[in-house]
Amino acid sequence: MNLRLGLILLLLLLVAVVVMPAQAQEDVCPAEILERALVELGTNCANLGRNNACYGFNDVQADFVGAVPSGFFSQPSDRADLNVLQSIRTAPLDKAEGTWGIATLNVQANLPGALPGQNVVFMLLGAVEIEDAVPPEDALILPDDPLEVMTADVAQLRSEPDPKAPIASTVLAGTPLWADGVSADSQWLRVFFMAGREATAWVHVASLDSPPALTDLPVITPESRTPMQAFHFQTGLGGVQCDEAPSLLLVQGPENIAVNITANGADIEIGSFIVLRTLGDDTMQIIVLSGGAKLNPHSTRPIYAPPGFTSLCPLNSILRGNCSWTTPRVMFKTEQVLLLIINRIFQRAANLFHYIVHVPEVVCASGIGGVVCELEFPEPDLALSRAREQCGAGQLSPDICRVLFPSETS
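With the first letter of the sequence shown counted as 1, position 26 gets the number 16 in the working numbering; the numbers rise by one all the way through.
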């Protein structure tokens, strides 16, 4: 009898050991909070205007440049102009309050307004704080409607407002162009012109038929920054930690168009969609999900990171926009798990983005010398089109190209 009772108690104990961790995980990351947050997010922040922030889901707090009315930007669906916003903070998951802070920013890219989808989308998930590093009085405000101009003769468009700059293209007389800014010496206009992945070029005013009134356009210099083009941020500031509700900063630019941002003082050129976060050792991490990223883009030795790869930047190494980024590597399986929330966001709130992105899957298996991990993409030809170009141009290392295209490299 005692033996039988002991076996029953042992069985109950084993069942409890198996069930309790699953229940604990469910308690820590209640699915109903995440589902509600994502469903309401798509409605709360729909049709967000340019240079605006949206309070997506509780809890979000913000600081402003000047005085604002009582209750301003204090509840879901509230909007605020970036010109009055100094910083914004989203709260980590709080299962007792049923909250998980989410905010969305629609930031004007430093690109002509004639470019469709030229905004950069920022999404703060969980414990994230972001602060605008562009003083309001210095912010470049581009016109909503670029000015139409026309070439009088055959004109050379250049990459910079300099007669010695590389030629982006040559256009015929009578070619219409759309200008959104003027050089500091008033001799050049920046115009919308697609050349590869670059969306801008410069035309000399002497090449134009009836040059416009230049006072109608803002002055654009290499130092010009649109609101929130440069920012400081940090993630993971306390709260409940769970894989299903991570603390991340998502950044999506126009698809396949080069856009420059400055994060925590480090210059980054993004080609589509990246994820940023800070780690506990004063390190910033970038994870590329689509297109690609160019780190230290203005240096003589930029670093290229393709989709599925990540790199770390020690914050104390940043100097004049450059950082001692680590060699890009395939993201770990644990990192991929944190990003699965992005797939759910696109299922519930895809209307807040320019295009849908799929998180690549990290597949690991034991191989000669240890565990070997590979990346699997839902649509590899499309997802890796830019990486294929970079491998052909020698911009990506042979090791990275072998990981991305194992059947094509030896």
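Beta carbons are placed, not taken as given, at the ideal position from N, Cα and C, and that holds for glycine.
Could you name the residues of the same chain whose beta carbon sits closer than 7 Å to that of ARG148, not counting the 5 residues immediately before and after it, in chain order?
Indexing the sequence shown from 1 puts residue 148 at position 158. The answer, listed in chain order, is ALA155, PRO156, ILE157, ALA158, ALA191, TRP192.
- Are there 16 or more other CB atoms within 10 angstroms of the CB of PRO296, so buried, or fewer, so exposed? In the sequence shown, residue 296 corresponds to position 306, counting from 1. Looking at its Cβ environment, which holds 16 or more other Cβ atoms inside 10 Å, PRO296 is buried.
- Limits of the unbroken alpha helix (DSSP H) element including VAL393: Taking the first residue of the sequence shown as position 1, residue 393 is located at position 403. Note, VAL393: alpha helix (DSSP H), 388 to 394.
Checklist entry - Which of helix, strand or coil does DSSP assign to GLY360? => result Counted from its first residue, the sequence shown places residue 360 at position 370. Reduced to three states, the DSSP call for GLY360 is strand.
| DSSP state of ALA383 mapped onto helix, strand, coil | As a first step, residue 383 must be located in the sequence shown, where it is residue number 393. Here ALA383 sits in coil by DSSP.
Practice item. Would you list, in sequence order, the uninterrupted alpha helix (DSSP H) runs of no fewer than 4 residues that lie entirely inside the region 235 to 316? Key: none
(request) Given a cut-off of 7 Å, decide if LEU132 and ARG338 are closer than it, judged by their beta-carbon atoms. (result) If you number the sequence shown from 1, residue 338 lands on position 348. If you number the sequence shown from 1, residue 132 lands on position 142. Taking 7 Å as the Cβ cut-off, ARG338 and LEU132 do not qualify as a contacting pair.
Problem set entry | Range covered by the alpha helix (DSSP H) that runs through LEU24 | For the purposes of this step, residue 24 is taken as the residue at position 34 of the sequence shown. Looking at the DSSP string, the run of the alpha helix (DSSP H) that includes LEU24 is 21 to 34.
query = Can you tell me the Cα-Cα spacing of TYR345 and CYS232, whole angstroms?
reply = Working through the sequence shown from its first residue, we reach residue 345 at position 355. Working through the sequence shown from its first residue, we reach residue 232 at position 242. Distance between the alpha carbons of TYR345 and CYS232: 27 Å.
query = From PRO126, SER67, PRO166, pick the residue whose C-alpha is nearest to that of ALA142; which is it?
reply = Along the sequence shown, one-based indexing puts residue 142 at 152. Looking at the Cα atoms, PRO166 is the closest of the given residues.
Around the C-beta of ASN109, are 16 or more other C-beta atoms found within 10 angstroms, so that it is buried, or is it exposed? As a position in the sequence shown, residue 109 is number 119, starting the count at 1. Under this definition ASN109 is a buried residue.
Buried versus exposed, by CB contacts within 10 Å (16 or more), THR300
Stepping through the sequence shown from its first residue, residue 300 is reached at position 310. When all chains shown are included, THR300 counts as buried.
| said: Across the region 232 to 243 and the region 257 to 267, are there enough close Cβ pairs to call them in contact, namely three or more that are closer than 8 Å? | reply: yes
Quick one, are the C-beta atoms of VAL139 and ALA174 less than 7 Å apart?
Against the sequence shown, residue 139 aligns to sequence position 149. Against the sequence shown, residue 174 aligns to sequence position 184. Not in contact: VAL139 and ALA174 (Cβ atoms no closer than 7 Å).
Spell out a yes or no on whether the region 172 to 189 and the region 29 to 41 are touching, meaning 3 or more CB-CB pairs, one atom from each, closer than 8 Å.
no
Query raised in the report: Per DSSP, what kind of secondary structure is GLU398 in: helix, strand or coil?
Result: For the purposes of this step, residue 398 is identified with residue 408 of the sequence shown, where counting begins at 1. In the structure shown, GLU398 sits in coil (DSSP, three-state: anything other than H, G, I, E or B).
Let me make sure I understand the geometry here. Which of LEU115, GLU259, LEU162 has the alpha-carbon closest to that of ALA93?
By one-based count along the sequence shown, residue 93 stands at place 103. Among LEU115, GLU259, LEU162, the Cα nearest to that of ALA93 is on LEU115.
*What residues are listed by DSSP as bridge partners for ALA142?*
On the sequence shown, position 152 is the one that residue 142 refers to. Note: ALA142 sits in no beta bridge, so no partner.
Inset, instruction - Can you give me the start and stop residues for the beta strand (DSSP E) that ASN42 sits inside? - result: To locate residue 42, count along the sequence shown from 1; it is residue 52. ASN42 -> beta strand (DSSP E) spans 42 to 47.
| request: Could you tell me if LEU75 is buried or exposed, where buried requires 16 or more neighbouring beta carbons within 10 angstroms of its beta carbon? | output: Along the sequence shown, one-based indexing puts residue 75 at 85. Buried, by the Cβ-count rule.
- [ ] Tell whether a beta-carbon distance below 7 Å holds between ALA377 and LEU394.
- [x] Numbered from its first residue, the sequence shown carries residue 377 at position 387. Numbered from its first residue, the sequence shown carries residue 394 at position 404. In this structure, LEU394 lies closer than 7 Å to ALA377 by Cβ.
- State the start and end residues of the unbroken beta strand (DSSP E) segment that holds ARG180. Taking the first residue of the sequence shown as 1, we reach residue 180 at position 190. From DSSP, the beta strand (DSSP E) with ARG180 extends over 178 to 185.
Suppose you measure from the CA of VAL224 to the CA of GLY61; what does that come to, to the nearest Å?
Taking the first residue of the sequence shown as position 1, residue 224 is located at position 234. Taking the first residue of the sequence shown as position 1, residue 61 is located at position 71. Per the sequence shown, residue 224 should be read as Gln rather than Val. For GLN224 and GLY61, the distance between alpha carbons rounds to 26 Å.
key: Straight-line Cα distance separating ASP135 from ILE258   = Indexing the sequence shown from 1 puts residue 258 at position 268. Indexing the sequence shown from 1 puts residue 135 at position 145. Approximately 27 Å between the Cα atoms of the pair.
message = As a quick exercise: from ASN42, CYS19, PRO125, pick the residue whose alpha carbon is nearest that of TRP90.
response = Taking the first residue of the sequence shown as 1, we reach residue 90 at position 100. When each option's Cα is compared against that of TRP90, the closest is CYS19.
**Prompt:** Is the region 208 to 226 close to the region 115 to 125, with three or more CB pairs under 8 Å?
**Reply:** yes
Work out the CA separation of ASN250 and LEU130 for me, nearest whole Å. Against the sequence shown, residue 130 aligns to sequence position 140. Against the sequence shown, residue 250 aligns to sequence position 260. Going from the Cα of LEU130 to the Cα of ASN250 covers about 14 Å.
Count the other CB atoms within 10 Å of the CB of MET184; is the residue buried (16 or more) or exposed (fewer)?
-> As a working note, residue 184 is residue 194 in the sequence shown. Exposed, since its Cβ has fewer than 16 Cβ neighbours within 10 Å.
Helix, strand or coil for GLU369 per DSSP?
Here residue 369 refers to the residue found at position 379 of the sequence shown. GLU369: coil per DSSP, three-state reduction.
| said: My assumption, with CB atoms under 8 Å, is that ILE210 sits in contact with GLY171. Please give the rounded CB distance. | reply: If you number the sequence shown from 1, residue 210 lands on position 220. If you number the sequence shown from 1, residue 171 lands on position 181. Correct: roughly 4 Å between the Cβ atoms.
Subject >> PRO370 beta carbon less than 7 Å from that of GLY298 >> reply: Residue numbering aside, residue 298 sits at position 308 when the sequence shown is read from its first letter. Residue numbering aside, residue 370 sits at position 380 when the sequence shown is read from its first letter. No, they are not a contact pair.
### Message
Going by C-alpha to C-alpha distance, which of PRO66, ASP49, VAL97 sits closest to PRO403?
### Response
With the chain covering -9 to 400 only, the question about residue 403 has no answer from this structure.
- Would you identify the three-state DSSP class for SER77, choosing helix, strand or coil? Mapped onto the sequence shown, residue 77 falls at position 87. Of the three classes helix, strand and coil, the one that applies to SER77 here is strand, per DSSP.
*Under the three-state DSSP convention, the category ALA174 falls into*: The residue labelled residue 174 in the question sits at position 184 within the sequence shown. DSSP places ALA174 in coil when its eight states are reduced to three.
| query | In whole angstroms, what is the alpha-carbon distance linking GLU87 and PRO212? | reply | Position 97 of the sequence shown, counting from 1, holds the residue named residue 87. Position 222 of the sequence shown, counting from 1, holds the residue named residue 212. GLU87 and PRO212: Cα-Cα distance of roughly 46 Å.
Are the CB atoms of VAL55 and PRO126 within a distance shorter than 7 Å? Translated into the one-based positions of the sequence shown, residue 126 becomes position 136. Translated into the one-based positions of the sequence shown, residue 55 becomes position 65. Cβ distance < 7 Å, so PRO126 and VAL55 count as in contact.
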